[in-house]
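Chemist: For the sequence shown, the UniProt record's numbering begins at 1 and goes up steadily by one.
Where is the CB? At the ideal position from N, CA and C, for every residue including glycine.
For clarity, every value in this text was computed on a predicted model and none was experimentally measured.
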Amino acid sequence: MGHAESEVLDVERIREDFPILQREFGGEQVVYLDNAATTQTPEPVVETIADYYRTTNANVHRGLHQLSQEASVAYEDAHDRVAEFIGASGEREEIVFTKNTTESENLVAYAWGLNELGPEDEVVLTEMEHHASLVTWQQIAKKTGATCRYIRVDEDGTLDMDHAREIITDDTAMVSVVHVSNTLGTVNPVSELADIAHDHDSYIFVDGAQSVPNRPVDVEAIDADFLAFSGHKMAGPTGIGVLYGKKHILEEMEPYLYGGEMIKKVTFEDASWNDLPWKFEAGTPVIAQGIALAEACDYLDDIGMERIQRHEEQLAQYTLEQLREEGDVETYGPSVGTERGGLVSFNLDSVHAHDLSSILNDSAVAIRAGDHCTQPLHDKMGVPASARASFYIYNTREEVDKLVSAIDDARQLFA
1 MGHAESEVLD VERIREDFPI LQREFGGEQV VYLDNAATTQ TPEPVVETIA
51 DYYRTTNANV HRGLHQLSQE ASVAYEDAHD RVAEFIGASG EREEIVFTKN
101 TTESENLVAY AWGLNELGPE DEVVLTEMEH HASLVTWQQI AKKTGATCRY
151 IRVDEDGTLD MDHAREIITD DTAMVSVVHV SNTLGTVNPV SELADIAHDH
201 DSYIFVDGAQ SVPNRPVDVE AIDADFLAFS GHKMAGPTGI GVLYGKKHIL
251 EEMEPYLYGG EMIKKVTFED ASWNDLPWKF EAGTPVIAQG IALAEACDYL
301 DDIGMERIQR HEEQLAQYTL EQLREEGDVE TYGPSVGTER GGLVSFNLDS
351 VHAHDLSSIL NDSAVAIRAG DHCTQPLHDK MGVPASARAS FYIYNTREEV
401 DKLVSAIDDA RQLFA
């Protein structure tokens with residue numbers, strides 16, 4: 001199958017770095033449209049992982065031998081590279097490596113929330129939050145007696161900002177908001193929300209899992225107190241997540257995990273904690289994954305984050321246009337012509353999303369089907385599940401056409 005060049009990216013060239021995209025199922029070349037769940041990993045990142053294990057593999061911060069020294073320097077430098085990628089001037093001291101976005105959310109919820117929240121405090125979220133945020137703060141609120149409140153989502157899939165200003169008050173201790181919705185594609189005004197939160201002396205936690213991989217994100221420009229994202233959604237490996245936190249806040253927080261590496265001094269009676277960021281990275285950390293994530297940052301920057309954003313937006317708009325030509329397809333989120341992330345969730349009348357995904361798989365089209373870890377949002381939308389096509393740097397309009405054709409096959413099958 002040929003692939004037309006994007007208006008902003010040399011997709012043909014990029015696809016050469018992803019041999020998995022040449023796989024075939026039933027004689028059909030795979031069309032991978034499940035990138036909001038996990039992106040594919042380019043050869044330079046795979047080679048970085050392999051090269052680490054071939055030439056540098058050793059534990060960090062524990063040995064005086066050459067291998068340990070080289071691994072330690074590469075691992076520390078990876079923190080600096082990630083800090084640069086998101087505009088964190090505090091460099092490595094503001095970058096904590098975790099397993100994923102979910103762990104980053106939990107780190108703040110437990111290390112800060114358990115110690116700082118009480119019955120008089122409120123945590124403000126949105127109705128479109130991923131379970132990584134919603135469930136985490138919901139359960140911490142139960143433990144501390146705090147109250148969770150939710151900014152309404154309007155019918156067009158955007159936040160009701162008047163409602164946000166109403167419920168973010170002097171009682172608000174934390175605002176936790178998704179930057180780009182993994183279900184609706186909505187791009188939330190996180191900078192404006194940060195201003196509102198800070199006006200009430202509240203912190204703001206930005207879930208950047210669907211924004212950092214796909215668009216320029218500057219944590220200092222949006223004035224986020226915390227931001228979290230995952231490597232496996234941005235051409236990096238699985239098993240690596242990032243928590244950015246303002247240095248002065250991280251310094252005041254207690255550790256989340258205890259053990260080796262995160263300590264400075266230990267006696268039989270007590271212990272003191274290591275410097276940032278190591279006090280939050282207990283035990284042997286994600287060494288190879290962290291080094292590979294730095295390579296993924298290089299890979300994406302070489303392409304250009306603004307170009308990546310435009311490419312994804314073009315594919316999402318094209319998909320919306322194609323799907324809305326059919327009267328029996330309902331799409332969710334902002335309409336054609338408005339800003340949105342590179343994904344489209346939809347349903348085909350009288351066909352459950354799981355059935356649709358299975359039929360599309362017969363045509364080698366890979367999408368996501370389910371509630372996308374946003375069950376309360378789907379309840380509000382009045383549907384048990386939705387299908388989702390999500391795009392990345394290697395996807396093309398021809399692949400969208402293949403998606404639309406496969407949906408037509410499902411339509412005929414259920415006619």
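1. From the DSSP output, read off the bridge partner residues of residue 385.
2. Which value, in whole angstroms, describes the spacing of the CA atoms of residue 374 and residue 130?
3. Any idea which residues DSSP pairs residue 379 with across the strands?
4. What residue from 357, 176 and 216 has the CA that sits closest to residue 197's CA?
5. Looking only at its own chain, which residues have a Cβ that is under 6 angstroms from the Cβ of residue 181, when we skip the five neighbours before and after it?
6. According to DSSP, what are the bridge partners of residue 29?
7. In whole angstroms, what separates the C-alpha of residue 409 from that of residue 292?
8. Does residue 159 come out as helix, strand or coil in the three-state DSSP assignment?
9. In whole angstroms, what is the alpha-carbon distance linking residue 404 and residue 380?
10. According to DSSP, is residue 215 part of a helix, a strand, or is it coil?
11. Residue 117 and residue 150 - do their beta-carbons sit closer together than 8 angstroms?
12. Take the Cβ of residue 142 as the centre, count every other Cβ of all protein chains shown within 10 Å, and call the residue buried at 16 or more, exposed below.
13. For residue 363, name the three-state secondary structure that DSSP assigns.
14. For residue 394 and residue 171, I'd like the C-alpha separation in whole angstroms.
15. Specify whether the stretch 18-25 and the stretch 252-272 touch according to this definition: at least 3 beta carbon pairs, one from each stretch, less than 8 angstroms apart.
16. Under the rule that 16 or more other beta-carbon atoms within 10 Å means buried, what is residue 107, buried or exposed?
17. Identify, in the order they occur along the chain, each residue of the same chain with its Cβ nearer than 8 angstroms to the Cβ of residue 21, setting aside the five sequence neighbours on each side.
18. Could you say which of 387, 94 and 352 lies nearest to residue 228 if we only look at CA atoms?
19. Which first and last residues belong to the beta strand (DSSP E) in which residue 265 is found?
20. Going straight from the alpha carbon of residue 288 to that of residue 98, what length do you get?
21. Alpha carbon to alpha carbon, how far is residue 386 from residue 377? Give it in angstroms, no decimals.
22. In this structure, how does DSSP classify residue 62 when only helix, strand and coil are distinguished?
23. Is it right to say residue 154 is buried, meaning 16 or more other beta carbons lie within 10 angstroms of its own, or is it exposed?
Modeler: Taking the structure as given:
1. Bridge partners of residue 385: none, in fact.
2. 5 angstroms
3. Answer is none; residue 379 lacks a bridge partner.
4. 176
5. 128
6. 24
7. 40 angstroms
8. strand
9. 27 angstroms
10. coil
11. no
12. exposed
13. coil
14. 45 angstroms
15. no
16. buried
17. 15, 29, 30, 32, 40 and 394
18. 94
19. 263-266
20. 13 angstroms
21. 11 angstroms
22. coil
23. exposed
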